[in-house]
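Colleague:
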Amino acid sequence: YDRWGELIFETNDLANGWDGSLNGKKLESEAFVYSISITDTNAQKHTFRGTVTLVR
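Residues 1033 to 1088 (this note's numbering) are what the sequence shown spells out, left to right.
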C-alpha cells in the first residue's frame, strides 16, 4: 500500500515478486506498507506487517 492506502501490489504466488512499478510505470522513491498473511502447514494463520522503502 502507498501512504494514501492505495493497494500497489498483491499476489498469491510466492514466485511473483513486486518490481517497483504500478500499472507498468516505475514508481518514484517512497515508503510503502506491506501486510503478509499466511497459513502454515499446521493450519496456523500468521500476519506480518511493516514498511519497505523503494529507492531509485
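Idealized CB from N, CA, C, for every residue including glycine.
Name the DSSP bridge partner or partners of residue 1062?
Modeller: In the sequence shown, counting from the first residue as 1, residue 1062 sits at position 30. Paired residue(s): 1086.
Colleague: Tell me the DSSP secondary structure of residue 1068 in three-state form.
Modeller: Sequence index remark: in the sequence shown, residue 1068 carries index 36 (1-based). Strand, per DSSP.
Colleague: My understanding is that residue 1061 touches residue 1035, with C-beta atoms under 8 Å, so please give their C-beta distance in whole angstroms.
Modeller: Translated into positions along the sequence shown, residue 1061 becomes position 29. Translated into positions along the sequence shown, residue 1035 becomes position 3. That belief does not hold up - the Cβ atoms of residue 1061 and residue 1035 are roughly 12 Å apart, past 8 Å.
Colleague: By DSSP, does residue 1080 sit in helix, in strand, or in coil?
Modeller: As a working note, residue 1080 is residue 48 in the sequence shown. Of the three classes helix, strand and coil, the one that applies to residue 1080 here is strand, per DSSP.
Colleague: So the candidates are 1073, 1086, 1069; which of them puts its Cα closest to the Cα of residue 1079?
Modeller: As a position in the sequence shown, residue 1079 is number 47, starting the count at 1. Of 1073, 1086, 1069, the residue nearest in Cα terms is 1069.
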